[in-house]
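In our numbering, each number is its position in the sequence shown, counted from 1, plus 681.
Here a beta-carbon is modelled for each residue, glycine too, at the ideal position from N, C-alpha and C.
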Amino acid sequence: QEKSSCLSAALFGEDCEISRDQLYELLKYAALGKCHNATQPSWCRIYHQSHLAGVVVIVLHEMSQLHFYKFYLQFKHLRKVFRHRFTLTPSANFLASLYGEGANLKPQNTAQGLTSASSECIPKSSDLQCDPIIRKYGEKKRGLTSYTLTVEELKKNDYPIKGSPKCKDYIYTECDQPRTDSSPLFGLDCEMCLTAKGNEVTHVCLVDARGQCLLNELVKPESMVVHYRTRFSGITEKMLLPVKTRLSDIQTRLKKLLPRDAVLVGHSLNADLQALEMIHPSVIDTSLLFARNEGRRFKLKFLAKAVLGKEIQCEQKLGHDPAEDARAALELAQFFIEQGPAKVAELNLEMLLTTEKLAEGSQKKAALQPQGCRVQKQLIEPPHLSKPCFLECLQVTGQKPLLLGRQELNSSGLCQRNLSASNKQILQKALEDVPLSTFSIIQFSLGPEKIASHLLAELCEKVGSKLTDMLTIYAGPFEESFCLKSVKKEFGSCGPIQSLRVVTETYQPYVCIRYEMLEAAQLAVESLNGAEVAGSCIKVQRPLTAAMLDCDVLIKELELDIENEGVIYVAGLKKSLTETDLQEEFSQLKDLETLFLPKDLQSGKHRNCCFLKFQKSQSAVDALEVINGWTMKGSKLRSRNALASGHLWRWIWQMNRGNGKKGGNILYKKMEQLSNLEQDLRKKVKKLDHHIKKLYRSLQNNTLCVVLFPGVN
């Protein structure tokens, strides 16, 4: 949460997961800014970073999303103040990599921010003269025009050239205005499949200087595909079946998108332009920019990690992502231009590459050796191979980070354990010390005793059970021969139904419906209770259990949640409507900012509902009046205020596809233990929320504040 809004998140709805690396991007840019080689995060933007008063990270040990949902009402301050919430994908060593444990946090002479090597790897100034980068460009900073390829270099590296017999039918981009050092940069990357004709483009991506995608399209090859090269291209036969875009369409769009003085950036861009059958006169090739001896070239994956601190082309992903590769190449060129050849040479990339290869060799060797041999024989491992933790990197830049709580910094700059301090003591120290530091990590804890895993599992089950009850409604009574189809249609107009069954244990039949979204269940209760459905005047209610006694309170608080401010839920949409259709239909609504059409996370199909986010809360209120009863393409719409933001309904979706309710099998003794645990946790969570409130209110304006629920991993 930013006091005096400086961060604008680009994620909404189901895109609510971020990785550890994405969180690093945010923290790195917020703490260091452009002057220390940090770049804007790829998933959100910080405006006026230089105006930030500081960054505060609050870590709530032993707490996860489960605790946030279970004790939602107790987190009164947290849910009313912190507007942006994201699920952090699990990472075993996340906290250790954030502030280390036993790490020496004294400043070192490292080369660069978060991806620095140890001081032993930095070449002396006398050695820099021999560096191929310095030999090629000199030491002084230059403008971008100094790094574009000359006509001779274009010819030598097999780039398509205007007037060349080989490029007779190639399309010229017509970007023929003279280039200046302020000409715009564009990142370009293509993925190719092998066809009867040769390499043909099947995926194209173009990004602007800010990393925003201008073009990201699949392309149908002209000739028959011989090999999809899925491992590298990420393309499969199934992906290309519905594609109608051809190479000529891409060529036309690229010509329209590129201004007359555009400079294209890519890694071995000659292959991309050859496959696109296009000629462009001004390019920066990062495989040549980061020069090596004897004509060798660094791989893009290595450069992204060594220079930018970014992991790309991960083995877990199916093939390369052209958008990711285009951004990486663009950022590498921007880094080179901004920092200059001398700074790049200081990174000593050859040494880093050698170190990386040694490490890989050691790992392979370790995997091949019998267990006994590993103990007897020490593996070759470079002494400074491990990546420095976040706080070490901050100290490198001359900052004095603050670490309070379970781990603290001693006078020698070492991170050490401190389990004796209470949350109250940590808060008091934080109130005194945080204003003196530009980057602070404050750790609070639920307590020294660890919660038994079986009780945690039961707690998780109880949360799942309550969410299931909130998604479930009972409707009836109906006549014996009622039409189930018309009931399903009527209740389906409130939102996607997960399951529907007829209850026969009662004197007259009832219907039990479980929805996929909280809004749908609430809409059914509000709009269909007392209505005539399938020839009967029915009552609509949720199941009555002990856990559901505070359901109305919870619904009201969810509605008032700051994350749902200005967001409404609309149901009753025809599934044939596309996002474009809906944009057109809703375009008349004032201050509409975002339209989000949920998908089934398994099938990927659109649901019969959507969420609309408005710039102003009053506009959302006005839209509700307009939409309720509105007929769209013959379908009557229903709407209400949003209740569950992206991360919550994703959690619900996971719960729904779990094993269902099992609560009845919990033994009495376990129930008693669980009840005591809940009571104890409720009090602790309430206190923690109060501590966060007190700390938050003490922060200066323009302080970026991040609260982490790290869980057990």
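Subject >> Three-state secondary structure (DSSP) of G947 >> reply: For G947, the three-state secondary structure derived from DSSP is strand.
**OP:** With DSSP collapsed to three states, give me the class of N1357.
**Re:** helix
Original post:
Can you list, in chain order, the residues of its chain whose CB lies under 7 Å from that of E1274, leaving out five sequence neighbours each side?
Top reply: K1294, F1295, Q1296
Original post:
Looking at the C-beta of L1362, does it have a partner C-beta in chain D at a distance below 8 Å?
Top reply: In the structure shown, chain D does not exist; there is a single protein chain.
Original post:
Tell me which same chain residues have a C-beta within less than 6 Å of the C-beta of V964, skipping the five on either side of it?
Top reply: L830, L945, L950
**OP:** Identify, in the order they occur along the chain, each residue of the same chain with its Cβ nearer than 8 Å to the Cβ of A711, setting aside the five sequence neighbours on each side.
**Re:** Correct list, in chain order: I727, Q730, L733, V736, L1385.
**OP:** Quick one: grab the DSSP three-state call for A1202.
**Re:** Correct three-state label for A1202: helix.
Original post:
Helix, strand or coil: which one does DSSP assign to F1172?
Top reply: helix
Subject >> H742 - containing beta strand (DSSP E), residue span >> reply: 735 to 742
Subject >> Option in H1287, S1300, L1263, Q1299 with minimal Cα separation from T1312 >> reply: L1263
Subject >> the region 900 to 908 contacting the region 817 to 836, beta-carbon criterion three pairs below 8 Å >> reply: no
Subject >> Helix, strand or coil at A784 [DSSP, three-state] >> reply: A caution first: A784 carries a pLDDT of 42, below 50, which makes its placement in the model too unreliable to give a value.
Original post:
For L633, which residues of its own chain have a beta-carbon under 7 Å away from its beta-carbon, when the five flanking residues on both sides are left out?
Top reply: Because the chain spans 682 through 1394 in this model, residue 633 falls outside it and cannot be assessed.
Subject >> Straight-line Cα distance separating V1144 from K751 >> reply: Distance between the alpha carbons of K751 and V1144 is about 6 Å.
Subject >> Anticipated Cβ contact below 8 Å, V1206 with V1221, distance rounded >> reply: 5 Å
Original post:
Are at least three pairs of beta-carbons, each pair with one atom in the region 1013 to 1032 and one in the region 964 to 976, less than 8 Å apart?
Top reply: yes
**OP:** May I ask you to report which of helix, strand or coil DSSP gives T1384?
**Re:** strand
Subject >> Distance between beta carbons of L921 and L899, contact taken as under 8 Å >> reply: 7 Å
Original post:
Do P1177 and A1212 have their C-beta atoms closer together than 8 Å?
Top reply: no
**OP:** Give a yes or no on contact between the region 829 to 843 and the region 1021 to 1037, applying the rule of three or more CB pairs nearer than 8 Å.
**Re:** no
Subject >> Element boundaries [alpha helix (DSSP H), containing H748] >> reply: First-last of the alpha helix (DSSP H) with H748: 746 to 751.
**OP:** Could you spell out where the beta strand (DSSP E) holding M873 opens and where it closes?
**Re:** 866 to 876
Original post:
Could you give the uninterrupted runs of the alpha helix (DSSP H) lying entirely in the region 1177 to 1260, keeping only those of 4 residues or more?
Top reply: You should have 1199 to 1209, 1232 to 1241.
**OP:** Determine, using beta-carbon pairs with one atom in the region 1181 to 1189 and one in the region 1152 to 1164, whether at least three such pairs fall under 8 Å.
**Re:** yes
Original post:
According to the neighbour-count rule (16 or more other Cβ atoms, all chains shown, within 10 Å of its Cβ), is G879 buried or exposed?
Top reply: exposed
Original post:
Pick from K757, L779, G1086: whose alpha carbon is nearest that of G1128?
Top reply: Measuring C-alpha to C-alpha distances from G1128 to each of K757, L779, G1086 identifies G1086 as the nearest.
Subject >> For N1322 and V1366, the rounded distance between their alpha carbons >> reply: 28 Å
Subject >> Enclosing alpha helix (DSSP H) for L984 [first to last residue] >> reply: 981 to 984
Original post:
Does the distance from the C-beta atom of L1152 to that of Y1196 stay below 8 Å?
Top reply: yes
Original post:
Secondary structure at S1146, three-state DSSP: helix, strand or coil?
Top reply: Helix.
Subject >> Span separating the alpha-carbon of D850 from that of T911 >> reply: As the crow flies, the alpha-carbon of D850 is around 29 Å from that of T911.
Subject >> Proximal residues to N1232 (C-beta, below 7 Å), its chain only, five neighbours per side dropped >> reply: The sequence shown places Cys at residue 1232, rather than the Asn named in the question. If we look at C1232 and ignore the five residues flanking it on each side, its Cβ neighbours are M1151, R1223.
**OP:** Determine the direct distance from the alpha carbon of C1290 to that of D1281, and round the result to whole angstroms.
**Re:** 12 Å
Original post:
Taking Cβ positions, are L1397 and V988 nearer each other than 8 Å?
Top reply: The question about residue 1397 has no answer, for the chain in this structure spans 682 to 1394.
**OP:** Could you tell me the distance, in whole angstroms, from the CA atom of P813 to the CA atom of L875?
**Re:** Between P813 and L875, the C-alpha separation is close to 35 Å.
Original post:
Closest to V832 by CA distance: which of S845, E820, K821 is it?
Top reply: Taking only the C-alpha atoms, the option nearest V832 is S845.
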